[in-house]
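Participant:
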Amino acid sequence: MTPLALAEGAADVVTASTEVVRVLDLLGVAANVLLAAVLAREKRFDLIGFLVLGVAAGLGGGMIRDTLLQRGTPVALTDLSYLSVALATAVVAYLVRVEGRWWTRGIRVLDAVALGTWGAVGAQKAIAAGLHWLPALLLGTITAVGGGMVRDVLLHRTPIVFGGNTLYATCATAAAGVVVLADWLTSSEYQGLTTLLAAGVGGTLCLLSYRRGWR
Amino acid sequence: MTPLALAEGAADVVTASTEVVRVLDLLGVAANVLLAAVLAREKRFDLIGFLVLGVAAGLGGGMIRDTLLQRGTPVALTDLSYLSVALATAVVAYLVRVEGRWWTRGIRVLDAVALGTWGAVGAQKAIAAGLHWLPALLLGTITAVGGGMVRDVLLHRTPIVFGGNTLYATCATAAAGVVVLADWLTSSEYQGLTTLLAAGVGGTLCLLSYRRGWR
Amino acid sequence: MTPLALAEGAADVVTASTEVVRVLDLLGVAANVLLAAVLAREKRFDLIGFLVLGVAAGLGGGMIRDTLLQRGTPVALTDLSYLSVALATAVVAYLVRVEGRWWTRGIRVLDAVALGTWGAVGAQKAIAAGLHWLPALLLGTITAVGGGMVRDVLLHRTPIVFGGNTLYATCATAAAGVVVLADWLTSSEYQGLTTLLAAGVGGTLCLLSYRRGWR
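Residue numbers (the working numbering), protein chains in the order written: chain V, 4 to 218; chain L, 4 to 218; chain C, 4 to 218.
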């Protein structure tokens with residue numbers, strides 16, 4: 004390949020990585036709505052309950068992040084994809100009751116992906132808004148665990164972040180940490196790629212901790 | 004009447020309708036403070052408890068709406084009428100204990116008016132801020148049920164939005180829907196009138212559902 | 004002293020007072036994290052739990068205040084001192100278990116200082132943002148009791164503001180009231196001094212009420 008073709012290929016990868024981050028972000032919304040739906044079914048909620056709890060769980064973390072950053076209306080309200088994915092997933096989860104080992108395992112993987120992605124994306128937005136690395140770690144973690152906390156508060160459950168599984172919040176903080184490191188070491192041009200890497204690190208850590216029962 | 008007089012009469016109606024919406028909005032604040040006061044009395048709160056719970060219930064929904072929209076400090080903090088109505092109603096509710104069938108029925112009507120009005124006003128503000136119709140429905144609903152959710156979370160009750168009465172949130176969403184439809188069909192000049200119509204539709208739906216025990 | 008030297012001395016006092024307010028503000032963060040740590044220990048939380056609850060309790064009030072004011076990203080995220088003090092205090096409280104009468108008494112004094120300072124600082128920021136005196140009182144009170152409310156909601160405790168000790172919120176409102184009065188009577192140049200005075204009034208009222216068991 005000529006250097007130009009190489010550069011073009013690299014540019015494609017960079018663009019694609021941003022797109023992949025977006026897809027993972029939306030998958031995270033779906034995963035959190037599904038997790039909320041499991042609890043909504045236990046409590047025998049009606050469709051409205053599924054929708055309210057699903058939106059709170061799926062979009063809550065990002066809304067808290069954007070509200071704290073104060074850089075305009077939260078993306079969950081301006082980019083229709085987020086709300087559409089959350090509502091559609093809640094409706095499907097209300098109508099179709101899926102169960103079984105593979106289903107539980109699948110949601111768990113999606114949840115791990117969500118924790119990693121949201122930790123990374125939250126830190127990325129904090130850095131883009133000019134915040135220091137320490138608040139960036141905090142904001143990444145809030146993004147990842149915020150929706151679940153809102154869900155648990157609404158249901159009077161002890162927020163999962165306090166309950167036993169230490170690595171729940173830690174995975175998100177780790178993903179945020181990779182973003183912070185990458186921001187020091189690389190050019191902002193590779194943002195999509197480093198966010199993807201960070202999400203991968205956080206998600207893997209989360210899955211490993213599930214598998215090995217780390218606490 | 005000459006066409007000019009007609010136009011002037013129409014202009015008066017438009018201005019008046021905006022004023023009526025404002026009055027309904029404030030009546031909604033009073034209704035929600037009164038509903039919170041019933042619970043505060045059950046829990047034997049002191050005056051401070053009545054005030055804190057009343058402000059949270061009466062102004063919470065609008066504060067969440069304005070905080071999410073990020074178009075400046077919430078109107079509940081900049082327009083003195085809101086805070087004054089909330090505090091005065093809480094003080095009166097603390098001092099005077101009114102009970103009986105007609106009282107309960109009266110609060111119920113006021114609550115229905117509040118749900119419709121807040122659903123409509125929330126959607127109106129979302130559209131004015133340039134949001135799409137779907138987030139406008141969400142924001143209208145959040146405005147209407149937000150204060151009650153904050154109240155229920157503070158009191159460790161299961162938020163009423165999850166509890167049985169499906170039409171509670173639905174009335175607000177319906178009012179928001181009428182606003183969205185009117186925004187497509189009419190000129191923004193008639194905003195006050197369409198908001199009023201929307202509030203009426205939502206409130207009526209809410210009262211009907213109480214009366215017929217719809218779920 | 005010559006008039007010039009007097010003026011310089013006065014300027015020094017004004018500058019110093021602003022610095023003292025800042026130190027009290029940070030001491031308030033530490034006090035609230037320590038109070039949260041006592042509850043975290045009761046619940047046998049791990050380090051993550053101490054950190055999450057500590058940050059929520061220590062920085063929650065200020066974050067709510069700044070989010071409502073909508074004058075940019077909350078100071079808790081832009082000024083590193085706040086987050087650093089909160090995290091460091093949570094780590095120390097997790098590692099070192101201090102108990103005994105003097106310790107409890109010390110935290111109680113710090114808590115009183117925090118209530119007064121936060122009530123005063125919250126009202127000050129509201130006035131600086133151009134709000135009326137009534138919302139300034141509200142915002143001062145929210146700043147002071149907000150962190151504790153978030154903490155109690157996360158732990159499913161009845162928020163302390165509802166529970167018996169009336170003067171808990173009242174101390175903060177009193178401090179906010181002194182700031183409002185001072186804003187009418189003095190030049191804004193003496194802001195630091197009047198905030199300090201207000202914090203002192205609120206804190207003393209709080210300590211007196213503890214001592215005498217006022218309700």
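Glycine residues also receive a C-beta, built at the ideal position from the N, C-alpha and C atoms.
#1: I'd like to know if the segment 174-187 of chain V and the segment 95-108 of chain V are in contact, where contact means that at least 3 CB-CB pairs between them fall below 8 Å.
#2: Is THR70 of chain C close to chain V? Criterion is C-beta to C-beta, closer than 8 Å.
#3: Comparing alpha-carbon positions, which option in L:LEU38, L:LYS128, L:LEU184 lies nearest ARG108 of chain L?
#4: Hey, is the segment 149-163 of chain V in contact with the segment 58-76 of chain V, meaning 3+ C-beta pairs nearer than 8 Å?
#5: Strictly below 7 Å CB to CB, what residues from chain C border PRO77 of chain L?
#6: Between VAL156 of chain C and chain V, is any beta-carbon pair separated by less than 8 Å?
#7: Against GLY52 of chain V, what residues of chain L qualify as contacts under a CB-to-CB distance less than 8 Å, listed in chain order?
#8: Flag ARG218 of chain L as yes if its beta-carbon sits less than 8 Å from any beta-carbon of chain C, otherwise no.
#9: Out of curiosity, what's the CA-to-CA distance linking ARG218 of chain L and ARG214 of chain V?
#10: To the nearest angstrom, how far is it from the Cα of ASP15 of chain L to the Cα of ALA34 of chain L?
#11: Taking the alpha-carbon positions, what's the ALA115 of chain L to ALA147 of chain L distance?
#12: Less than 8 Å between CB atoms is the rule here; does THR81 of chain L satisfy it with respect to chain V?
#13: Among L:LEU140, L:PHE53, L:LEU27, L:ALA201, which has the Cα closest to the Cα of ALA126 of chain L?
#14: Ignoring anything shorter than 3 residues or poking outside the segment 27-91 of chain V, list the beta strand (DSSP E) runs there in chain order.
#15: Nearest by alpha-carbon distance to THR161 of chain V: which of C:LEU157, C:ILE163, C:PRO162 is it?
#16: What does the alpha-carbon distance come out to for the pair GLY203 of chain V and TRP121 of chain V?
#17: Exposed or buried, which one is VAL164 of chain V when buried takes at least 16 other CB atoms within 10 Å?
#18: So, helix, strand or coil for ARG218 of chain L, using DSSP?
#19: Give the residues of chain C in contact with MET152 of chain L, contact being defined as C-beta atoms less than 7 Å apart.
#20: Step through the CB atoms of chain V and report whether any lies within less than 8 Å of the CB of LEU86 of chain C.
#21: Taking the beta carbon of ALA179 of chain V as the centre, do at least 16 other beta carbons fall within 10 Å, making it buried, or is it exposed?
#22: Nearest by alpha-carbon distance to SER20 of chain C: which of C:LEU196, C:THR92, C:SER212, C:ALA43 is it?
#23: Would a check of beta-carbon distances place VAL58 of chain V closer than 8 Å to chain D?
#24: With 8 Å set as the bound, which would you pick, yes or no: does the beta-carbon of HIS159 of chain L sit closer than that to a beta-carbon of chain C?
#25: Starting from VAL182 of chain C, find everything on chain V with Cβ-Cβ shorter than 9 Å and list it in chain order.
#26: Can you tell me whether DSSP reads ALA132 of chain V as helix, strand or coil?
#27: Tell me the rounded alpha-carbon separation between SER84 of chain C and LEU29 of chain C.
#28: Pick helix, strand or coil for ARG100 of chain L, following the three-state DSSP scheme.
#29: So for LEU158 of chain L, helix, strand or coil by DSSP?
#30: Would you mind telling me which residues of chain L sit closer than 9 Å to VAL55 of chain V, beta carbon to beta carbon, in chain order?
#31: Please report whether the beta-carbon of LEU211 of chain C lies at a distance below 8 Å from any beta-carbon of chain L.
#32: Using a Cβ-Cβ distance cut-off of 8 Å, determine whether ALA132 of chain C contacts chain L.
#33: If you follow the alpha helix (DSSP H) that THR173 of chain L is in, where does it begin and where does it stop?
#34: Express the C-alpha separation of LEU142 of chain C and LEU90 of chain L in angstroms, rounding to a whole number.
#35: Output, in chain order, the set of chain L residues within a Cβ distance shorter than 8 Å of LEU141 of chain C.
Facilitator: Straight from the coordinates:
#1: no
#2: Counting from one through the third sequence, the residue named residue 70 of chain C turns up at place 67. True, the Cβ-Cβ gap to chain V drops below 8 Å.
#3: Here residue 108 of chain L is taken as the residue at index 105 of the second sequence, counted from 1. The option with the nearest alpha carbon to ARG108 of chain L is L:LEU38.
#4: yes
#5: Residue mapping note: residue 77 of chain L aligns to position 74 of the second sequence, counting from 1. Per Cβ cutoff of 7 Å: LEU71.
#6: Indexing the third sequence from 1 puts residue 156 of chain C at position 153. For VAL156 of chain C, a Cβ of chain V is located within less than 8 Å of the residue's own Cβ.
#7: Locating residue 52 of chain V in the first sequence gives position 49, where the first residue counts as 1. Chain L residues near GLY52 of chain V: VAL164, PHE165.
#8: Sequence index remark: in the second sequence, residue 218 of chain L carries index 215 (1-based). Here ARG218 of chain L scores only 47 on pLDDT, less than 50, and its place in the model should not be relied on; the value that follows carries that caveat. Chain C contact via Cβ: absent.
#9: Stepping through the second sequence from its first residue, residue 218 of chain L is reached at position 215. Stepping through the first sequence from its first residue, residue 214 of chain V is reached at position 211. The predicted position of ARG218 of chain L is uncertain, since its pLDDT is 47 and thus under 50; no value can be drawn from it.
#10: Mapped onto the second sequence, residue 15 of chain L falls at position 12. Mapped onto the second sequence, residue 34 of chain L falls at position 31. Approximately 28 Å between the Cα atoms of the pair.
#11: The count along the second sequence starts at 1 and reaches residue 115 of chain L at position 112. The count along the second sequence starts at 1 and reaches residue 147 of chain L at position 144. Rounded to the nearest whole angstrom, the CA to CA distance from ALA115 of chain L to ALA147 of chain L is 10 Å.
#12: Position 78 of the second sequence, counting from 1, holds the residue named residue 81 of chain L. It does not: the Cβ of THR81 of chain L has no partner Cβ on chain V nearer than 8 Å.
#13: Within the second sequence, numbered from 1, the residue matching residue 126 of chain L stands at position 123. For ALA126 of chain L, the nearest C-alpha among the options comes from L:LEU140.
#14: Runs of the beta strand (DSSP E) inside the segment 27-91 of chain V: none found.
#15: The count along the first sequence starts at 1 and reaches residue 161 of chain V at position 158. Comparing C-alpha distances from THR161 of chain V to each of C:LEU157, C:ILE163, C:PRO162 shows the shortest one belongs to C:LEU157.
#16: Your numbering for residue 203 of chain V matches position 200 in the first sequence. Your numbering for residue 121 of chain V matches position 118 in the first sequence. Looking at the two C-alpha atoms, the distance is approximately 11 Å.
#17: Residue numbering aside, residue 164 of chain V sits at position 161 when the first sequence is read from its first letter. Per the 10 Å Cβ criterion, buried.
#18: One-based indexing of the second sequence puts residue 218 of chain L at position 215. Residue confidence for ARG218 of chain L is low, a pLDDT of 47 falling below 50, so the modelled location carries little weight; the figure read from the coordinates is stated next. Coil, per DSSP.
#19: Position 149 of the second sequence, counted from the first residue, corresponds to residue 152 of chain L. By Cβ distance, chain C contributes nothing, its closest Cβ being about 12 Å from MET152 of chain L, past 7 Å.
#20: The count along the third sequence starts at 1 and reaches residue 86 of chain C at position 83. At least one CB of chain V lies nearer than 8 Å to the CB of LEU86 of chain C.
#21: Start at 1 with the first residue of the first sequence, and residue 179 of chain V comes out as number 176. So ALA179 of chain V ends up on the buried side.
#22: Here the question's residue 20 of chain C lines up with position 17 in the third sequence. The shortest Cα separation from SER20 of chain C among C:LEU196, C:THR92, C:SER212, C:ALA43 belongs to C:LEU196.
#23: Protein chains in the displayed structure are V, L and C, and chain D is not among them.
#24: Position 156 of the second sequence, counted from the start, is the residue given in the question as residue 159 of chain L. Under the Cβ criterion of 8 Å, HIS159 of chain L is counted among the residues facing chain C.
#25: Here residue 182 of chain C refers to the residue found at position 179 when the third sequence is read from its first residue. Those do not exist, as VAL182 of chain C stays about 24 Å from chain V at its closest Cβ, beyond 9 Å.
#26: Here residue 132 of chain V corresponds to residue number 129 of the first sequence, with the count starting at 1. It is coil, neither helix nor strand.
#27: As a position in the third sequence, residue 84 of chain C is number 81, starting the count at 1. As a position in the third sequence, residue 29 of chain C is number 26, starting the count at 1. If you take the alpha carbons of SER84 of chain C and LEU29 of chain C, they lie about 8 Å apart.
#28: Against the second sequence, residue 100 of chain L aligns to sequence position 97. Here ARG100 of chain L sits in coil by DSSP.
#29: For the purposes of this step, residue 158 of chain L is taken as the residue at position 155 of the second sequence. In this structure, LEU158 of chain L counts as coil in the three-state DSSP scheme.
#30: Locating residue 55 of chain V in the first sequence gives position 52, counting from the first residue. By Cβ distance, chain L contributes THR144, VAL148, MET152, PRO162, VAL164, PHE165, ALA172.
#31: The count along the third sequence starts at 1 and reaches residue 211 of chain C at position 208. Output row for LEU211 of chain C: interface = no.
#32: What you label residue 132 of chain C is simply residue 129 of the third sequence in a count that begins at 1. At least one chain L Cβ lies under 8 Å of ALA132 of chain C.
#33: Position 170 of the second sequence, counted from the first residue, corresponds to residue 173 of chain L. Looking at the DSSP string, the run of the alpha helix (DSSP H) that includes THR173 of chain L is 170-188.
#34: Looking up residue 90 of chain L in the second sequence gives position 87. Looking up residue 142 of chain C in the third sequence gives position 139. LEU142 of chain C has its alpha-carbon roughly 14 Å from the corresponding atom of LEU90 of chain L.
#35: By one-based count along the third sequence, residue 141 of chain C stands at place 138. What LEU141 of chain C touches in chain L: VAL58, LEU80, LEU86.
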